[in-house]
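Engineer: Below is the structure I would like to discuss, written out as structure tokens.
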Amino acid sequence: MLARFPRVRLAELPTPLQPLRRLGDVVGHRQLWVKRDDLTGLATGGNKTRKLEFLLGEALAQGCDVIVTEGAPQSNHCRQTAAACARLGLECALVLNGDEPGVYQGNLLLDRLLGARVHFVGAVDGTARRRALEELAARLRAAGRRPAVIPTGGSTAVGALGYVDAGLELLRQADALGVELRHVVVGASSCGTAAGLVAAACLLGAAPRVHVVSVDQPAAEVARWTAALAGEALDLLGARPARAPEEVMAVYDAYVGPGYGVPTPEGLRAVALFARLEGIVLDPVYTGKAAAGLLDLVARGVLPPDEPVAFIHTGGTASVFAWPEVMLRAEEYLGRAPARGEVGA
Ligand SMILES: *Cc1c(COP(=O)(O)O)cnc(C)c1O
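Each residue of the sequence shown is one higher than the one before, counting from 58 in this note's numbering.
Printed below as a string of structure tokens:
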């Protein structure tokens, strides 16, 4: 079904599906698993690599010679795009919010090392960034180049195909382990990752429910984008799914806190628990908040202790080196459940 789409191999697949035994003991859940998409392998890994297999496959099939994409200065998507372009011998231009920092750290440091050309737009809003992206692409075209423009997070229907594939891969792995997966928990921002997993669940009869944990937008928006992108991906596949996206997913925005990129006590506590109990590094922007959702849904019985759950670790590893003070504050939250809405700033 996915075989007729152009694809370049970039990820180390399948990524491991591992038990979270010590964390499960502490939170009282016997069937917690983690799907290690932080180990996809492209210059510290992450979820964007699966999307890029299809996005760059299409760009190469169309004869593009430069990839243009956008993000926040610590964008994991931009860093994975830069690494993929290096591997494929494509030029890479990144349009980032804000001003050039005095010190290059985390993902931004890797962007430079990987040879991407970095443009700072000054402004912090998405509209200005989008305009700068379009202008850059127009200048490249005028100069006779063939740019492929990849939007924020690589979240198009083509990009989401990477997570349709991931959803099918996850169920094959669970089957092989004799685990009847009932729930998948994943963080969402531009929603392509969740959309692919939702589309995969629509295709399968008794697939797990997909719990989508927003890290920035209101739940209604995330639900709308995820369902729309999942629908587009299913159309691309020419599939007639057994179920509609809305039937297989639940969306939460209770773990966002003050907004994108602002750490929360619940998120930092999740970072500390994963680190101390499992030796797994989460980040405060995406996976920490998604894991805060996982732990709260377990505590509230939405994810009952006997129903197998897979948490998708979407990466973010390189970004933690850009925020040492925030990361070290995580241990303050060990051993206590912070009150909802308490801000740790
Ligand atoms: C981009 C990203 C996400 C969110 O994925 P979307 O497809 O944009 O919703 C989650 N975690 C990490 C680490 C990311 O970089």
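We treat Cβ as the ideally placed atom computed from N, Cα and C, and that holds for glycine.
Quick caveat: nothing in here was measured; it's all calculated off a predicted structure.
1. Please determine, among R136, L112, R333, the residue with the shortest C-alpha to C-alpha distance to Y220.
2. Ignore the nearest five residues each way along the sequence and tell me which others in E399's own chain have a CB closer than 7 angstroms to its CB.
3. Ignore the nearest five residues each way along the sequence and tell me which others in A396's own chain have a CB closer than 6 angstroms to its CB.
4. Name the two residues that bound the continuous beta strand (DSSP E) containing F126.
5. For V319, which option in P204, M384, T283, R78 has the closest C-alpha, if you only look at C-alpha atoms?
6. Starting from the N-terminal end, write out each residue whose C-beta falls within a distance shorter than 5 angstroms of any non-hydrogen atom of ligand 1.
7. Between the Cα of D363 and the Cα atoms of A252, V236, C259, which residue gives the shortest distance?
8. Leaving out five residues before and five after D232 in sequence, what residues of the same chain have Cβ atoms less than 6 angstroms from its Cβ?
9. With a threshold of 16 other CB atoms inside 10 Å of the CB of M306, please say whether the residue is buried or exposed.
10. Can you find a C-beta in chain B that's less than 9 angstroms from the C-beta of A140?
11. Among the residues of its own chain, which have a CB less than 8 angstroms from the CB of V83, if the five just before and after it don't count?
12. Contact between the region 246–265 and the region 135–146: three or more CB pairs below 8 angstroms?
13. Using the Cβ count rule (16 or more neighbours within 10 Å means buried), how would you classify V308?
14. Quick one: Cα of R87 to Cα of L147, how far?
15. Beta-carbon separation of P71 and Q274 under 9 angstroms?
16. What does the Cβ neighbour count give for G401, buried or exposed, with the cut at 16 atoms within 10 Å?
17. Tell me which residue opens and which closes the beta strand (DSSP E) that L153 is part of.
18. Out of curiosity, what's the CA-to-CA distance linking T213 and E389?
19. Drop a sphere of 10 angstroms on the beta-carbon of R196, count the other beta-carbons inside from all chains shown, and report buried for 16 or more, exposed for fewer.
20. Take L391 and list the residues in its own chain whose beta-carbon comes closer than 8 angstroms to its own, dropping the five residues that flank it on each side.
21. Tell me whether V355 sits in a helix, a strand or coil according to DSSP, three-state version.
22. Thinking C-beta only, is L99 closer than 9 angstroms to V65?
23. Measuring CA to CA, which of A347, W282, E304 is closest to S271?
24. Who are the near neighbours of A129 in its chain, counting only those whose CB is closer than 6 angstroms to its CB and skipping five residues on each side?
25. Do you know whose CA, among A284, V279, A277, R187, lies nearest A257's CA?
26. Under a three-way DSSP split, which group does F62 fall into?
27. By the 10 Å Cβ neighbour count, where 16 or more other Cβ atoms means buried, how is T106 classified, buried or exposed?
28. If we count the other Cβ atoms within 10 Å of its Cβ and call it buried at 16 or more, is M58 buried or exposed?
29. To the nearest angstrom, report how far apart D340 and V355 are at their CA atoms.
30. Within a Cβ cutoff of 8 angstroms, which residues of the same chain sit near H176, ignoring the five residues on either side of it in sequence?
31. Do G372 and A349 have their CB atoms nearer than 9 angstroms?
32. Measure the C-alpha to C-alpha separation of R386 and A116 and round it to an integer number of angstroms.
33. So, helix, strand or coil for V215, using DSSP?
34. Does DSSP put P362 in a helix, in a strand, or in coil?
35. Measure the C-alpha to C-alpha separation of V377 and A287 and round it to an integer number of angstroms.
Structural biologist: Let's see:
1. Locating residue 220 in the sequence shown gives position 163, counting from the first residue. Nearest of R136, L112, R333 to Y220, Cα basis: L112.
2. Numbered from 1 along the sequence shown, position 342 holds the residue referred to as residue 399. Bear in mind that the predicted position of E399 carries a pLDDT of just 47, short of 50, making it unreliable; the figure below should be weighed with that in mind. Taken in chain order, the residues that qualify are P322.
3. Against the sequence shown, residue 396 aligns to sequence position 339. Low confidence applies here, because A396 scores a pLDDT of 49, under 50, leaving its location unreliable; read the following figure in that light. Excluding the 5 residues flanking it on each side, A396 has no same chain C-beta neighbour closer than 6 angstroms.
4. Stepping through the sequence shown from its first residue, residue 126 is reached at position 69. First, the amino acid is wrong: residue 126 is Thr here, not Phe. Run containing T126: 123–128, per the beta strand (DSSP E) assignment.
5. Locating residue 319 in the sequence shown gives position 262, where the first residue counts as 1. In terms of CA proximity to V319, M384 leads the group P204, M384, T283, R78.
6. Cβ-based neighbours of ligand 1 within the cut-off: N133, G210, G244, A245, S246, S247, C248, G249, T250, Y343, T371, G372, G373.
7. Residue 363 sits at position 306 when you count from the first residue of the sequence shown. Ranking the options by Cα distance to D363, first place goes to V236.
8. Numbered from 1 along the sequence shown, position 175 holds the residue referred to as residue 232. None.
9. Taking the sequence shown and counting its residues from 1, the one referred to as residue 306 is at position 249. Buried, by the Cβ-count rule.
10. Absent from the structure is chain B; it holds one protein chain and no more.
11. Counting from 1 along the sequence shown, the entry for residue 83 is found at position 26. Cβ within range, chain order: L330, L334.
12. With a cut-off of 8 angstroms, the region 135–146 and the region 246–265 do not count as touching, because too few Cβ pairs lie within range.
13. As a working note, residue 308 is residue 251 in the sequence shown. Buried.
14. Against the sequence shown, residue 87 aligns to sequence position 30. Against the sequence shown, residue 147 aligns to sequence position 90. Between R87 and L147, the C-alpha separation is close to 46 angstroms.
15. For the purposes of this step, residue 71 is taken as residue 14 along the sequence shown, with counting starting at 1. For the purposes of this step, residue 274 is taken as residue 217 along the sequence shown, with counting starting at 1. It is not a contact, given that the beta carbons lie outside the stated cut-off.
16. Residue 401 sits at position 344 when you count from the first residue of the sequence shown. Low confidence applies to G401: its pLDDT is 40, below 50, so where it sits in the model is not reliable enough to give any reading.
17. Looking up residue 153 in the sequence shown gives position 96. Judged by DSSP secondary structure, L153 falls within the beta strand (DSSP E) whose first and last residues are 148–153.
18. Residue 213 sits at position 156 when you count from the first residue of the sequence shown. Residue 389 sits at position 332 when you count from the first residue of the sequence shown. A direct Cα-Cα distance of roughly 39 angstroms separates T213 from E389.
19. Residue numbering aside, residue 196 sits at position 139 when the sequence shown is read from its first letter. It counts as exposed.
20. Translated into positions along the sequence shown, residue 391 becomes position 334. A distance below 8 angstroms between beta-carbons, with the five flanking residues on each side excluded, links L391 to the following residues of its chain, in chain order: R326, A329, L330, R333.
21. One-based indexing of the sequence shown puts residue 355 at position 298. Three-state DSSP puts V355 in a helix.
22. Here residue 65 corresponds to residue number 8 of the sequence shown, with the count starting at 1. Here residue 99 corresponds to residue number 42 of the sequence shown, with the count starting at 1. Judged by beta-carbon spacing, L99 lies beyond the 9 angstroms limit of V65, meaning their Cβ atoms are not closer than that value.
23. Taking the first residue of the sequence shown as 1, we reach residue 271 at position 214. Taking the Cα of S271 as reference, the smallest distance to any Cα among A347, W282, E304 is reached at A347.
24. In the sequence shown, counting from the first residue as 1, residue 129 sits at position 72. In its chain, beyond the 5 residues on either side, N154 have a beta carbon closer than 6 angstroms to the beta carbon of A129.
25. Mapped onto the sequence shown, residue 257 falls at position 200. With respect to the C-alpha of A257, the residue from A284, V279, A277, R187 having the closest C-alpha is A284.
26. In the sequence shown, residue 62 corresponds to position 5, counting from 1. Coil at F62, not helix or strand.
27. One-based indexing of the sequence shown puts residue 106 at position 49. Note on T106: 16 or more other CB atoms within 10 angstroms of its CB, so buried under the neighbour-count rule.
28. Residue numbering aside, residue 58 sits at position 1 when the sequence shown is read from its first letter. With fewer than 16 other Cβ atoms within 10 Å, it is exposed.
29. Stepping through the sequence shown from its first residue, residue 340 is reached at position 283. Stepping through the sequence shown from its first residue, residue 355 is reached at position 298. Spanning the two alpha carbons is a distance of roughly 20 angstroms.
30. Taking the first residue of the sequence shown as 1, we reach residue 176 at position 119. If we look at H176 and ignore the five residues flanking it on each side, its Cβ neighbours are A150, L151, V152, L153, A189, L193.
31. Within the sequence shown, residue 372 is the residue found at index 315, counting from 1. Within the sequence shown, residue 349 is the residue found at index 292, counting from 1. Cβ distance not < 9 angstroms, so G372 and A349 don't count as in contact.
32. Numbered from 1 along the sequence shown, position 329 holds the residue referred to as residue 386. Numbered from 1 along the sequence shown, position 59 holds the residue referred to as residue 116. Rounded to whole angstroms, R386 to A116 spans 42 angstroms at the Cα level.
33. Within the sequence shown, residue 215 is the residue found at index 158, counting from 1. Of the three classes helix, strand and coil, the one that applies to V215 here is helix, per DSSP.
34. For this step, residue 362 is matched to residue 305 along the sequence shown. When DSSP states are grouped into helix, strand and coil, P362 belongs to the coil group.
35. Working through the sequence shown from its first residue, we reach residue 377 at position 320. Working through the sequence shown from its first residue, we reach residue 287 at position 230. Rounded to the nearest angstrom, the two C-alpha atoms are 30 angstroms apart.
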